[in-house]
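Visitor:
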Amino acid sequence: MRPVLASTLALFFILPTLAYLTSTSWQRDHLRKEAKQLMLRGIPEKSLVRIAIPTDGTISLDFEWLKKDEFRYRGMMYDVISHVQVADSLIFMAWPDQHETAFESDVKDLLARLLGADPVHTHMQQNWSRFLQQLYPPSISPTMPHIARMSWNHPPDRSPAWTTQFSIHPPAPPPQLIG
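Mapping of the sequence shown onto the numbering used here: position 108 corresponds to residue 105, and the numbering continues sequentially without gaps.
1. Grab me the residues of proline 170's own chain with a C-beta within less than 8 Å of its C-beta, minus the 5 sequence neighbours each way, in chain order.
2. Does the stretch 91 to 106 touch the stretch 34 to 49, meaning 3 or more C-beta pairs lie closer than 8 Å?
3. Under the assumption that serine 79 contacts alanine 49 (Cβ atoms under 8 Å), give the Cβ distance between them as a whole number of angstroms.
4. Please give me, in chain order, every unbroken run of the alpha helix (DSSP H) with length at least 4 that falls completely inside the stretch 77 to 121.
5. For leucine 2, count neighbouring Cβ atoms within 10 angstroms of its own Cβ and tell me buried if that reaches 16, exposed if not.
6. Less than 7 Å separating the beta-carbons of arginine 127 and histidine 118?
7. Helix, strand or coil: how does DSSP classify leucine 63 here?
8. How big is the Cα-Cα spacing for isoleucine 175 and proline 0?
9. Does leucine 18 pass the burial test, meaning 16 or more other C-beta atoms within 10 Å, or should it be called exposed?
10. With H, G and I counted as helix, E and B as strand and the rest as coil, what does DSSP make of tyrosine 17?
11. Can you give me the start and stop residues for the beta strand (DSSP E) that isoleucine 50 sits inside?
12. Output the distance between the C-alpha atoms of arginine 69 and threonine 14, rounded to the nearest integer angstrom.
13. Excluding five sequence neighbours on each side, which residues of the same chain lie with their C-beta closer than 8 Å to the C-beta of isoleucine 40?
14. Distance check for alanine 7 and alanine 16, CA to CA, integer angstroms please.
15. From the DSSP output, in three-state form, read off methionine -2 for me.
16. Roughly how many angstroms lie between the CA atoms of leucine 28 and methionine 73, to the nearest whole one?
17. Tell me arginine 69's beta-bridge partners as DSSP assigns them.
Laid out in structure tokens, this is it:
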């Protein structure tokens, strides 16, 4: 009886959530399509770009389809307004989507920064790491003679005070319950 009740309760919580997410994503996509159609209808003819792509099978490496009416060409994203097929090529009248291109570039930069592939931030991380190593040097080893010459100003038979502050052993004797 309990498994049936648990399954029923799980369905009551999961199904409405899935229905909500599905309907909102459908509405969002539908509104985006309508907004894009309204926007593209109002674009003046002089702001459109004419791009000819050969149809003989030698597709340029700079050309990439993204969606039905959207492609990337030479790093710039374009929205297709109209297209015409001629004997040896496909001619697009397209609108250069500068905002979406900038947005995609920002997303790529952010991902590179988060994943550590950004050369500027990698260099900054290396500098930060060197600074911290100089501030808190590693333990003295025979392979590092320049560190062995440093004086730490504490007697050799006792450890420094800051290491004893952060000991991982509990206080002795352990507390006892009164009662």
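Think of the CB as a built atom: it goes at the ideal place given N, C-alpha and C, for glycine as much as any other residue.
Guide: Inspection of the coordinates gives the following:
1. none
2. yes
3. Their Cβ separation, rounded to whole angstroms, is 13 Å, which puts serine 79 and alanine 49 out of contact at 8 Å.
4. 95 to 112
5. exposed
6. no
7. strand
8. 44 Å
9. exposed
10. helix
11. 46 to 51
12. 35 Å
13. Ile78, Trp92
14. 14 Å
15. coil
16. 24 Å
17. Glu61, Met74
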